[in-house]
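Let me begin by presenting the structure, written as structure tokens, before commenting on it.
Residue numbers (our numbering): 12 to 319.
Encoded structure:
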């Protein structure tokens, strides 16, 4: 009895030591990006509670004002003009950059998080089925993914914008559809490596159904690599939204987004570079954070890749 208790205690200490070692392995290169992402999410969620003007409010007397400029403007929840300090300055027509940056984070994060979710659900399911059943199922799925990859992404986005109009839901669906092939390939590759493993073969030998093996054995082991891939995909799609803003394919004005803010300030780069550089810096830090988080998590899943 005493030995059993000692064994349990030793196992608990070993588990705690493993958790602490993983925490040390993550390091500041993981926790600082997590802190930045948390700050961005917090600002986007609580934007309506901040004492600042609405993102579409224009101060005609302070156009492209430098950070720290004081002006009089109507703040949210007030009817009279109040003195307000533009902590990050104003854009080319006098809108508060901080306000547009915080509200624009909602658009960028929504696109960056929901679009990969569509790709993970649809592409992940197709990839698992293709990797497990092989044969005709794999051939059909792989052919469909190759066709999507061969179809010009810009033409698809232009078609959706032309027929459905530029809007946030349409943009999420379009980018989510374009992320399906990559997610399917990741899921298929991991399923192929798992289908011949001992625990899967043992489940088949015990008479388990295909549905049971997929749900209980394959999918739980494919989810983590897909989530790590999703972190990298989020960064790609945030940049994609910024790129589409230059082509007029992103959310329509006056809805703020980081890509639109960068595009609106490009004509003032020589006179007021902060109008473009501040949202560009916010996008750069956010994209870098998602990439760093994804790289660290991938290193934990496969230590061989962390040494590359």
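Note that CB positions come from ideal geometry on N, CA and C, so glycine has one too. Just so it is clear, the structure is predicted and the values come from calculations on it, not from any experiment.
In this structure, residue 283 lies away from residue 82, with their beta-carbon atoms at least 9 Å apart. By the beta-carbon neighbour count (other beta carbons within 10 angstroms, threshold 16), residue 72 is exposed.
One thing to note: residue 229 has its Cβ no nearer than 9 Å to the Cβ of residue 215. Cα atoms of residue 259 and residue 105: separation of roughly 21 Å, rounded to the nearest angstrom. Contact between residue 168 and residue 185 is confirmed by a C-beta separation of about 5 Å, below the 8 Å threshold. By the criterion of at least three beta-carbon pairs nearer than 8 Å, the region 229-241 is not in contact with the region 146-166. Taking 9 Å as the cut-off, the beta carbon of residue 147 is found no closer than this to the beta carbon of residue 272. Pairwise C-beta distances place the region 117-134 in contact with the region 187-197, as three or more of them are shorter than 8 Å.
Runs of the alpha helix (DSSP H) lying entirely within the region 102-190 and spanning at least 4 residues, in chain order: 108-129, 135-144, 146-161, 164-175 and 179-189.
Each of 248, 206 and 232 was checked against the Cα of residue 122, and the nearest Cα belongs to 248. For residue 67, the secondary structure class from DSSP, reduced to helix, strand or coil, is coil.
Membership of residue 228 in any beta strand (DSSP E) is not indicated, and neither H nor E is assigned to it by DSSP. Using a 10 angstroms sphere on the CB of residue 49, the tally of other CB atoms stays under 16, which defines it as exposed. Within 10 angstroms of the beta-carbon of residue 165 lie fewer than 16 other beta-carbons, which makes it exposed.
The bridge partners DSSP lists for residue 208 come to none. Three or more Cβ pairs closer than 8 Å define a contact, and the region 202-210 falls short of that threshold against the region 171-189. Annotation: residue 175 to residue 261 spans about 13 Å, alpha carbon to alpha carbon.
Using a Cβ distance threshold of 9 Å, residue 45 and residue 304 count as a contacting pair. Here residue 42 is exposed. Its C-beta has fewer than 16 other C-beta atoms within 10 Å. The residue among 220, 171, 210 and 129 with its C-alpha nearest the C-alpha of residue 255 is 171. For residue 68 and residue 56, the gap between their C-alpha atoms comes out near 20 Å.
The region 282-314 is shown to contain no whole beta strand (DSSP E) run of 3 or more residues.
Residue 94 and residue 306 have their C-alpha atoms roughly 45 Å apart. For residue 275, the enclosing alpha helix (DSSP H) begins and ends at 269-275. Rounded to the nearest angstrom, the Cβ distance from residue 102 to residue 286 is 5 Å, consistent with a contact under 8 Å. The three-state reading of DSSP puts residue 194 in helix, counting H, G and I together. DSSP places residue 39 in the uninterrupted alpha helix (DSSP H) bounded by 39-56.
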